[in-house]
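Q: Following this message is one structure expressed as structure tokens.
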Amino acid sequence: MTQVFSKEGFSSLAGSWLILGLSIVMAGSVVAASQWYLQRERQESGNLAGRLQAARTRLDTAQRERSSLQESVEVFRTLVERGLLQNEHRLDLVEMVNELRARHQLFALDYEISPQRPLTLSGGRAFPSVDVLGSRVRLHVKALHEGDILGFVDDIVNSRQGFYTVDRCHMKRIEEAGGANRALVPHVEAECALEWITLREKRANRPA
Amino acid sequence: MTRHFLYLTNSRLVSLVTRRASIVARREFAVSGAGVEQFERHLAELADVPTYLFTDLSEEDFRLDTIPHVGARDRQAVVTRKLSQIFRNTPFRYAHMQGREAEGRRDDRVIYTAITNPEVMRPWLDVMERLKVPLEGIHSTAVFSAVMLEELDLVFPHTLLVTFTPGDAMRQSYFRDREIKFSRLTPLDVVEGQTLGSMVAEETTRTWQYLDSLRHFTPEDRLEVCILVHENDRPSVQASLRDFAQIQYRLLDMGDVARKLGLKPPPLGSSAEEVLVHLFLMRPAPNHFASPEQRRHATLRRTRRGVVKTSLAIMAASLLWGGFTAWRVTQATSADDKLENQIAALNREYDKVSREMPSFGVGGSTMRDTVTFYDSAIRAFPTLSDFVRPISAVLQAHPNIRLRQLAWQATDDPKAIPALQPNASLQTPPVKAVPHAEGSAAPAAPSKVEEANPPFATGRYEVALLEATVRVGRDDFRVAVDTVETLARQISTVRSFSAEIVESPLDVRSSYGLEGRYGDKQSDSMDLHFVLRVVRDHGAGA
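Heads up: the protein sequence lines correspond to chains A and B, in order.
Numbers 1 to 208, taken from the numbering used here, label the letters of the first sequence in order.
Numbers 209 to 750, taken from the numbering used here, label the letters of the second sequence in order.
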């Protein structure tokens, strides 16, 4: 070994050492490059796996949504036709109330519609896609019989146009006046309050 | 692998080139005259071939010795000192360890050998040095020839191996129990009237006498003389050999030996160099005489080749690794392609599902929120008529009860109290309860003023206050109270309804005062006022 590390040995083996060094460098380069390439490929595979998972999740969500929407599509169609997602048509309400007044032969009908406002839902509940709006409607009705008032209120609630929830009602028997014709005077009066509910899609509120 | 063997005698130098296990070239050079120059030209063509030099010289001397059995390093020091003492004028010296004595302090047996005249080696080594020939070693033919006896199964207590050299000389090597003890080279100077056989017989007898004089034999010992001879020389040799009690001759036919050792083609004469070279190829032996300095070209050559082989191995390993990695990448790419296809299929399926999604010009979430809100807040919202219908049914069983007013509320608060309007037309009964000054006769009526922006209730509870009168006979308060209590119980039997009396026709609790006022005019009946609080719980009834 002494000869190998002597001056003569170094000069004699210089080419070999150079070849060894070059081969080590080249081998290192080959290994490093191949590892880098493999690593990149694995990373891409990982990204693809993530994309695959995301695509599966997106498809599952869409399928569930489709299934859910298909179940409720009829309901939604009815709601839209009844104007839940439309602006208020107050003239329609005025006409409907007058028509019901005549139908139920009410003696007197006073009503008052407040300005529309966002409704505060119970428990602070909110919906991501729609705003819930309400207009408070107060009615003061006089009728011959309480059945007329109940029918009038039911007809409003079951109206084919608009959604109304009657949440307060006070009915009172009107004490008879002496000597009057009992058939032509109201015997019952009622004060009721209801919400005229409409929904507004939040996307529609965004500026274009 | 190509190797170059040089067989040096006192008159000839034989060059043998081997490839794998066969001798492929042979040349001879004279030791004197132009032999060295011719050899140099010949060697120049084989300058990079590993070279082994076998010496078969008359100047080779042998000495037997024993040394104390010590450690390897000390033994080396002892041997080196002994060699320098015995053969001080030559660098070509070698100590061959031969085991230990059987008795006494069991010293190590050693035989020293050396080429006592280094000048016979000088010209050839100078040529090799000039050409930087990789000299692997200088080997003593006599020492190495022990291998021949082992390979030919010639194992005797006392063996004298007789071989002929290319330079017309005869080598006699004496082995005792496989260990060489003595060797000498005799020129073949056959005088007139003498044959090769008679000369061999004379020389071997002389050697026996010499060894006997050194007390190598006991009277019972017999020396087995093994003579390696070509079949051409065999008749002349065999005719002159006579066995004695102390000497037994064994002729080793060159052809038979070559066949036994696998040497092809067999040598054409009796000289043993080709057999020895073949034996060396079969069983390489360590260097005997060459110094590290003389072997440095071989050392450098081996190192160079080792480094290059290492480089190639590293490159090959890296390429293998690279190939393996490329294969893995290919596998991964193939798997990625499958994943891409799966993703594309999922996206296509997603697009299809999206197209099939029902739409009314709004987003799916809007549809979902709308339906959810309707289902949770509007669809099951209570109505007044649904509330009063079962109560009316109960009241029909009580014709003496007249309902005067109803305050109803759909709320989320089960404790809510709707507001009743005061009724001035009610008849004052002759006996009525008087609340204690500090007591609370009836719940405080809430303000009629409605909130400007009341929260939207889900309507789980429907709460109503019913104000009514019950007609009973004069002073029949017990019937009135029983009737109202019965009415409350009957309402409570309706599913999800509960009723409590807020104001009784006559509150007879001890915490209340009680007063009666009877005037002159008294009717036969009286209408007593009472208030019921009715609650319908849609959560409980659900």
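We treat Cβ as the ideally placed atom computed from N, Cα and C, and that holds for glycine.
As the structure is a prediction and not an experimental result, all values here were calculated from the model.
Please list, in chain order, the chain A residues whose beta carbon lies closer than 7 angstroms to that of B/A534.
A: To locate residue 534 of chain B, count along the second sequence from 1; it is residue 326. By Cβ distance, chain A contributes S34.
Q: Starting from B/W332, find everything on chain A with Cβ-Cβ shorter than 9 angstroms and list it in chain order.
A: Taking the first residue of the second sequence as position 1, residue 332 of chain B is located at position 124. By Cβ distance, chain A contributes nothing, its closest Cβ being about 21 angstroms from B/W332, past 9 angstroms.
Q: On a CA-only basis, which of B/L554, B/R503, B/A242, B/V335 is nearest A/T2? Give me that one, please.
A: Start at 1 with the first residue of the first sequence, and residue 2 of chain A comes out as number 2. Considering only alpha carbons, the answer is B/R503.
Q: Grab the span of the beta strand (DSSP E) containing B/F488 for me, first residue to last.
A: By 1-based counting over the second sequence, the position of residue 488 of chain B is 280. Taken as a continuous stretch (DSSP letters only), B/F488 belongs to no beta strand (DSSP E), being part of the alpha helix (DSSP H) at 481 to 490.
Q: When the distance is taken between beta carbons, is B/S478 closer than 8 angstroms to B/H438?
A: For the purposes of this step, residue 438 of chain B is taken as the residue at position 230 of the second sequence. For the purposes of this step, residue 478 of chain B is taken as the residue at position 270 of the second sequence. Closer than 8 angstroms, so yes.
Q: Start and end of the beta strand (DSSP E) containing B/G530?
A: As a first step, residue 530 of chain B must be located in the second sequence, where it is residue number 322. First-last for B/G530: 504 to 564, but that is the alpha helix (DSSP H), not the beta strand (DSSP E).
Q: So what does B/H746 bridge to, in DSSP terms?
A: Walking along the second sequence from the start, residue 746 of chain B turns up at place 538. Answer by DSSP bridge pairing: none, since B/H746 is not bridged.
Q: For the 8 angstroms Cβ check, are there 3 or more pairs between the segment 85 to 102 of chain A and the segment 591 to 606 of chain B?
A: Segments in contact, no.
Q: Contact check, B/L592 vs A/R56 under 8 angstroms by CB: the rounded distance?
A: By one-based count along the second sequence, residue 592 of chain B stands at place 384. By one-based count along the first sequence, residue 56 of chain A stands at place 56. With a Cβ gap of about 51 angstroms, B/L592 and A/R56 do not count as contacting.
Q: Label A/R40 either buried or exposed according to how many other C-beta atoms from any shown protein chain fall within 10 Å of its C-beta, with 16 as the threshold for buried.
A: Translated into the one-based positions of the first sequence, residue 40 of chain A becomes position 40. Exposed.
Q: Which value, in whole angstroms, describes the spacing of the CA atoms of B/L291 and B/Y302?
A: To locate residue 291 of chain B, count along the second sequence from 1; it is residue 83. To locate residue 302 of chain B, count along the second sequence from 1; it is residue 94. Rounded to whole angstroms, B/L291 to B/Y302 spans 7 angstroms at the Cα level.
Q: Check each candidate in B/R235, B/P492, B/V561 and name the one with the smallest Cα separation from B/R249.
A: Here residue 249 of chain B refers to the residue found at position 41 when the second sequence is read from its first residue. For B/R249, the nearest C-alpha among the options comes from B/R235.
Q: Between which two residues does the alpha helix (DSSP H) containing B/H250 stretch?
A: Your numbering for residue 250 of chain B matches position 42 in the second sequence. 243 to 252 is the span of the alpha helix (DSSP H), which, as asked, contains B/H250.
Q: Quick one: residues in its chain with C-beta nearer than 8 angstroms to the C-beta of B/D315, no 5 flanking neighbours on either side, listed in chain order?
A: By one-based count along the second sequence, residue 315 of chain B stands at place 107. Only T274, I275, P276, H277, R308, E309 meet the Cβ criterion.
Q: Using the rule of at least 16 other Cβ atoms within 10 Å of the residue's Cβ for burial, across every protein chain shown, is A/H145 buried or exposed?
A: What you label residue 145 of chain A is simply residue 145 of the first sequence in a count that begins at 1. The residue is exposed, with fewer than 16 neighbouring Cβ atoms inside 10 Å.
Q: Counting only Cβ pairs nearer than 8 angstroms, list the residues of chain B close to A/M26.
A: Along the first sequence, read from residue 1 onward, the residue named residue 26 of chain A stands at position 26. Residues of chain B passing the Cβ test: M523, S526.
Q: Would you mind listing the alpha helix (DSSP H) stretches within the segment 69 to 99 of chain A that are 4+ residues and don't spill past its ends, in chain order?
A: Runs of the alpha helix (DSSP H) inside the segment 69 to 99 of chain A: none found.
Q: For the segment 404 to 421 of chain B, list every residue whose C-beta sits within 7 angstroms of some C-beta in chain A, in sequence order.
A: Within the segment 404 to 421 of chain B, no residue has a Cβ that lies closer than 7 angstroms to any Cβ of chain A.
Q: Mind checking whether B/R430 and B/H505 have CB atoms under 8 angstroms apart?
A: Residue numbering aside, residue 430 of chain B sits at position 222 when the second sequence is read from its first letter. Residue numbering aside, residue 505 of chain B sits at position 297 when the second sequence is read from its first letter. Cβ distance not < 8 angstroms, so B/R430 and B/H505 don't count as in contact.
Q: Locate the alpha helix (DSSP H) running through B/K468, then write down its first and last residues.
A: For this step, residue 468 of chain B is matched to residue 260 along the second sequence. First-last of the alpha helix (DSSP H) with B/K468: 462 to 469.
Q: I'd like to know if B/S562 contacts chain A, where contact means its C-beta is closer than 8 angstroms to some C-beta of that chain.
A: What you label residue 562 of chain B is simply residue 354 of the second sequence in a count that begins at 1. It does; some Cβ of chain A falls within 8 angstroms.
Q: What in chain B is Cβ-close to A/W17, meaning under 7 angstroms?
A: Along the first sequence, read from residue 1 onward, the residue named residue 17 of chain A stands at position 17. Simply V515.
Q: To the nearest whole angstrom, what separates the beta carbons of B/V739 and B/E711, a pair I think is in contact under 8 angstroms?
A: Here residue 739 of chain B refers to the residue found at position 531 of the second sequence. Here residue 711 of chain B refers to the residue found at position 503 of the second sequence. Between B/E711 and B/V739 the Cβ distance is about 4 angstroms, and since that is below 8 angstroms, they are a contact.
Q: If you count every other CB in all the chains shown that lies within 10 Å of the CB of B/F589, and 16 or more means buried, which is it?
A: Here residue 589 of chain B is taken as the residue at index 381 of the second sequence, counted from 1. The residue in question, B/F589, is buried, as its Cβ has 16 or more Cβ neighbours within 10 Å.
Q: Is there a Cβ of chain A sitting closer than 8 angstroms to that of B/S519, yes or no?
A: Locating residue 519 of chain B in the second sequence gives position 311, counting from the first residue. By this cut-off, B/S519 is an interface position.
Q: Roughly how many angstroms lie between the CA atoms of A/D210 and B/M565, to the nearest whole one?
A: Because chain A spans 1 through 208 in this model, residue 210 of chain A falls outside it and cannot be assessed.
Q: Whole angstroms are fine: how far does the CA of B/V222 sit from the CA of B/R228?
A: Against the second sequence, residue 228 of chain B aligns to sequence position 20. Against the second sequence, residue 222 of chain B aligns to sequence position 14. Those two C-alpha atoms are separated by around 19 angstroms.
Q: Closer than 8 angstroms, CB to CB, is B/T511 near chain A or not?
A: Stepping through the second sequence from its first residue, residue 511 of chain B is reached at position 303. By this cut-off, B/T511 is an interface position.
Q: Using the Cα positions of B/G647 and A/R82, report the straight-line distance between them to the nearest angstrom.
A: In the second sequence, residue 647 of chain B corresponds to position 439, counting from 1. In the first sequence, residue 82 of chain A corresponds to position 82, counting from 1. Low local confidence applies: a pLDDT of 46 at B/G647 is under 50, so the model's placement there is unreliable, and no value is given.
Q: Output the distance between the C-alpha atoms of B/P654 and A/R168, rounded to the nearest integer angstrom.
A: Here residue 654 of chain B refers to the residue found at position 446 of the second sequence. Here residue 168 of chain A refers to the residue found at position 168 of the first sequence. Residue placement at B/P654 cannot be trusted, given a pLDDT of 49 that sits under 50; the coordinates are not used to answer.
Q: To the nearest angstrom, how far is the alpha carbon of B/F425 from that of A/E8?
A: The residue you call residue 425 of chain B lines up with position 217 of the second sequence. The residue you call residue 8 of chain A lines up with position 8 of the first sequence. Going by the C-alpha atoms only, they are around 53 angstroms apart.
Q: Just to confirm my understanding: we take B/A255, look at its own chain, exclude 5 residues before and 5 after, and list those with CB closer than 8 angstroms. What are they?
A: By one-based count along the second sequence, residue 255 of chain B stands at place 47. So the list reads L339, K340, V341, once near-sequence residues are dropped.
Q: Alpha carbons only, please: which of B/V579, B/P492, B/L736, B/S584 is nearest the one belonging to B/R686?
A: For the purposes of this step, residue 686 of chain B is taken as the residue at position 478 of the second sequence. Comparing Cα positions, the closest option is B/L736.
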